[in-house]
Each structure stands twice: as structure tokens, then as C-alpha cells.
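Structure record follows, encoded as C-alpha cells.
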Amino acid sequence: MSIDEFILANEVTIRLGFFFGIFAVMAAWEILAPKRALTVSKTVRWVNNLGLVFFNTFILRLVFPAAAVGMAAFASEQGWGLLNYYQVPFFVAIAVSVIAMDFIIYLQHVMVHAVPALWRLHRVHHADLDYDVTTGARFHTIEIILSMLIKFATIIVLGPPIVAVIIFEVVLNATAMFNHSNVSMPKGLDRVLRWFVVTPDMHRVHHSVEDDEANSNFGFNLPWWDRLFGTYRDQPRGGHQGMTIGIHNYRSTKQVSWLPGMLALPFIGKVNSYAINRREWSGGDE
Ligand SMILES: [Zn+2]
Ligand SMILES: [Zn+2]
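Using our numbering, the letters of the sequence shown correspond one by one to residues 899 to 1184.
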């Protein structure tokens, strides 16, 4: 069995294995060295945020049974995509693919903040009143489907090796859980890590209720895009303990902490043109 066949046959097992492994490590770290006190009980957070994650996983398998690795295999069979067309060394193809896919995720993240209809979906991620390992996987089902379609389009154009796609998915999932976790780490370590990966202190700024802070630090994995494109912000004005997490107008736990409220969140509030980059106005009629 080749490595590609192994990946295609065991895609779910590989991804779930890494998910649970890294989740366990980050959850233990959160218990041993938490950064902030939670405002909503951990039980409510875990049941509902993880409930959404499992619901999404189930729906995604129904809608796209072959997943991203299946699309990479298909593109390779058809000879589609730059890296299937041009001969490049295997390891170069892997590195280029992982970096390019991460760049697309950065652009997608900027886009879901800038386009009002997409912000409605993405606000489910931001409405979380706390910031912990479960926030990292908390996205509305429709945003998850949209992400998958963008990933498919990227794979068709890029033609990445199958192994690069699984590496990217596992690394992105791991870094999202890492940088959303409610852990404290020495400032010096954060400083060094920030040059290679988005750290919890770096991404927490993005979850601030303040507009300018939420419109910074869009990276999920590689920290370079924010520095390159001028969206990097070092620290929150109020400090990591003093800052408020979430969205100004969405503070009721029924709406933002319980699963039915989260699923309904994109569809409430009037549609108005002020919503562009004005997060506090997007639900201004409540
Ligand atoms: Zn965001
Ligand atoms: Zn986030």
C-alpha cells in the first residue's frame, strides 16, 4: 500500500487521532496553567462547542464523503493543478502546498470579516464569550462547508500532493486548538514562537470586542501573513486579563453559548449596509 492509498483509506482516523491527542494536551495545559478565568462553565462550553464540532463533522462527511484528500487524488488523476503540471521535487511541492493553502486560509479569514453576509456566519466563532481550546473548532456549519468549497477550488488550481493536504489539515487543526487555548506561557517563549506559529496571545487579540483589534491577526497557523500585509497587532489595549472577548451586541448565553442559539446566530438581526467592518452594528437592532 502506498502512502497515498494509506492516507485515502485512513483519512478520518488520522484526523480524529490528531484531534483528540492535541485536544487532550491543550485541555490538560488549560487546567494546569489557565490564562483567564472562564465566564461560562467549562461543562456548558465543552458540551455545546464540541456538540457543534461533532455535528459539523457528521454533516461534512455526508456532503463531501471524499473530503479534501479525495479532491487532491482526483486532481492528480486528471493532471489538474500547477504542481501536477510542472515537475517539482516532492518535498518542494509539499512545502509550497502547505504554505499556499495557509495563505488562502488567511485571505478567506479576511474576507469573512469584510463581507457582511459572510461575517454573519463567522460571528459564531467570535461570539464565544470565552477563549479556550474548544473555540478553535467552533464554526457555523455553513462556514465549514464554504471553507471546504474554497479548499476544493485551491486544490484544483494548485494540484498539491495528497500527503501535503493531510499534513495541512492536521497542522491547521493542531495550531487552531493551540492558539485558541486558554493557556499561559512565558512571555519570552511567546515572543520566539510568534515568528513561526500563531500563539494564543497573538490570536486572542483577534477575539476582542474592539473593532480594530478584531480586524487584526487573521492568521491561524503561519504568523507571517499578518506581518506582511499590515494586519499584525502585538497586544490588546486592555491587556490579556482586562480585554473583553466576544462581540458587543451578542452577550446572552442562550444565543452564544448554547448550540441551538449558535446555529441560529447568522440569521438574526436586520441586514444593513453598515455592517461592513462595523461589528457592533451588524446586530444593532437588538
Ligand atoms: Zn475572525
Ligand atoms: Zn479564532
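The beta carbon of each residue, even a glycine, is placed where N, CA and C say it ideally should be.
Go ahead and pull the three-state DSSP assignment for Tyr1004.
Here residue 1004 refers to the residue found at position 106 when the sequence shown is read from its first residue. DSSP places Tyr1004 in helix when its eight states are reduced to three.
Let me know the secondary structure DSSP gives Ile1166 once reduced to three states.
For the purposes of this step, residue 1166 is taken as residue 268 along the sequence shown, with counting starting at 1. Note: Ile1166 maps to coil in three-state DSSP.
Using only the alpha-carbon positions, how far apart do Ser1082 and Tyr1029 sit?
Taking the sequence shown and counting its residues from 1, the one referred to as residue 1082 is at position 184. Taking the sequence shown and counting its residues from 1, the one referred to as residue 1029 is at position 131. Approximately 12 angstroms between the Cα atoms of the pair.
Distance, Cα to Cα, Phe1037 vs Gly1128?
On the sequence shown, residue 1037 is found 139 positions in, with the first residue counted as 1. On the sequence shown, residue 1128 is found 230 positions in, with the first residue counted as 1. Whole-angstrom Cα-Cα distance: 25 angstroms.
Euclidean distance between Cα positions of Trp978 and His1138:
As a working note, residue 978 is residue 80 in the sequence shown. As a working note, residue 1138 is residue 240 in the sequence shown. The alpha-carbon atoms of Trp978 and His1138 are separated by roughly 46 angstroms.
Determine the extent of the alpha helix (DSSP H) in which Pro1014 is found, giving its start and end residues.
Position 116 of the sequence shown, counted from the first residue, corresponds to residue 1014. Segment Pro1014 to His1024, the alpha helix (DSSP H) holding Pro1014.
Measuring alpha carbon to alpha carbon, tell me which of Phe988, Glu1111, Val1107 and Tyr1004 ends up nearest Ile1145.
Along the sequence shown, read from residue 1 onward, the residue named residue 1145 stands at position 247. Distance from the Cα of Ile1145 is smallest, within the candidate group Phe988, Glu1111, Val1107 and Tyr1004, for Val1107.
beta-carbon His1072 near ligand 1 non-hydrogen atom, thresh 8 angstroms:
Translated into positions along the sequence shown, residue 1072 becomes position 174. This sequence places Ala at residue 1072; His is not what is there. Taken from the Cβ of Ala1072, every heavy atom of ligand 1 lies 8 angstroms or farther away.
Arg913 versus Val1061, Ile929, Leu1005 and Ala935, residue with shortest Cα-Cα distance:
Mapped onto the sequence shown, residue 913 falls at position 15. When each option's Cα is compared against that of Arg913, the closest is Val1061.
Looking at the structure shown, is Ser1106 part of a helix, part of a strand, or coil, going by DSSP?
Translated into positions along the sequence shown, residue 1106 becomes position 208. Strand.
Determine contact between the region 1043 to 1060 and the region 966 to 982, defined as no fewer than three beta-carbon pairs at a distance below 8 angstroms.
Result yes; three or more Cβ-Cβ pairs closer than 8 angstroms.
Return the CA-CA distance between Asn947 and Tyr984, expressed in angstroms with no decimal places.
On the sequence shown, residue 947 is found 49 positions in, with the first residue counted as 1. On the sequence shown, residue 984 is found 86 positions in, with the first residue counted as 1. The alpha-carbon atoms of Asn947 and Tyr984 are separated by roughly 42 angstroms.
Would you report the Cα separation of Gly968 and His1023, rounded to the nearest angstrom?
Within the sequence shown, numbered from 1, the residue matching residue 968 stands at position 70. Within the sequence shown, numbered from 1, the residue matching residue 1023 stands at position 125. Looking at the two C-alpha atoms, the distance is approximately 27 angstroms.
Answer yes or no: do Asp1124 and Arg1135 have a C-beta to C-beta separation smaller than 9 angstroms?
Here the question's residue 1124 lines up with position 226 in the sequence shown. Here the question's residue 1135 lines up with position 237 in the sequence shown. No; because the gap between Cβ atoms is not below 9 angstroms, this pair is not in contact.
Residue list, Cβ distance to ligand 2 heavy atoms smaller than 6 angstroms
Result (chain order): His1023, His1078, His1101, His1104 and His1105.
Starting from Asp1088, follow the alpha helix (DSSP H) in both directions and report where the run begins and ends.
Mapped onto the sequence shown, residue 1088 falls at position 190. For Asp1088, the uninterrupted alpha helix (DSSP H) segment begins and ends at Lys1085 to Leu1091.
Given 8 angstroms as the limit, is there contact between the region 1149 to 1160 and the region 990 to 1004, that is, 3 or more CB pairs closer than that?
In short, these stretches do not touch, since the Cβ pair count stays below three.
Following a CB-centred definition, is Phe1127 positioned closer than 8 angstroms to any heavy atom of ligand 1?
Residue numbering aside, residue 1127 sits at position 229 when the sequence shown is read from its first letter. Checking the Cβ of Phe1127 against ligand 1 gives no.
Given 8 angstroms as the limit, tell me if His1146 has its C-beta closer than that to any heavy atom belonging to ligand 1.
Counting from 1 along the sequence shown, the entry for residue 1146 is found at position 248. Flag unset: Cβ of His1146 not near ligand 1.
Mapping the DSSP letters down to three states, classify Pro963 as helix, strand or coil.
Mapped onto the sequence shown, residue 963 falls at position 65. Pro963 sits in coil when the DSSP states are folded into three classes, being neither helix nor strand.
Please report the Cβ distance between Arg1194 and Leu1163, rounded to the nearest whole angstrom; I am assuming they are in contact, meaning their Cβ atoms lie under 8 angstroms.
For the chain, the structure presents residues 899 to 1184; residue 1194 sits outside this window and is missing.
Environment of Trp1017 [buried if 16+ CB atoms lie within 10 Å]:
As a first step, residue 1017 must be located in the sequence shown, where it is residue number 119. It counts as buried.
Kindly indicate which three-state DSSP category Pro1158 falls into: helix, strand or coil?
The residue you call residue 1158 lines up with position 260 of the sequence shown. Note: Pro1158 maps to helix in three-state DSSP.
6 angstroms Cβ shell around Ile1035 - same chain, five flanking residues per side excluded:
Sequence index remark: in the sequence shown, residue 1035 carries index 137 (1-based). In the sequence under discussion, the amino acid at residue 1035 is Ala, which differs from the Ile named in the question. Val951, listed in sequence order.
What number of angstroms, rounded off, separates the C-alpha of Pro1014 from the C-alpha of Met899?
Indexing the sequence shown from 1 puts residue 1014 at position 116. Indexing the sequence shown from 1 puts residue 899 at position 1. In this structure, the CA atom of Pro1014 is about 47 angstroms from the CA atom of Met899.
When the Cα atoms are used, what is the spatial distance from Lys933 to Pro1121?
Taking the sequence shown and counting its residues from 1, one reaches residue 933 at position 35. Taking the sequence shown and counting its residues from 1, one reaches residue 1121 at position 223. Roughly 21 angstroms separates the two Cα atoms.
For Ile992, which option in Thr1039, Ile1065, Val1103 and Val1095 has the closest C-alpha, if you only look at C-alpha atoms?
Start at 1 with the first residue of the sequence shown, and residue 992 comes out as number 94. The residue with the shortest Cα to Cα distance from Ile992 is Ile1065.
Through-space distance from Val1095 to His1078, alpha-carbon basis
Translated into the one-based positions of the sequence shown, residue 1078 becomes position 180. Translated into the one-based positions of the sequence shown, residue 1095 becomes position 197. In this model, His1078 and Val1095 are separated by some 12 angstroms (Cα to Cα).
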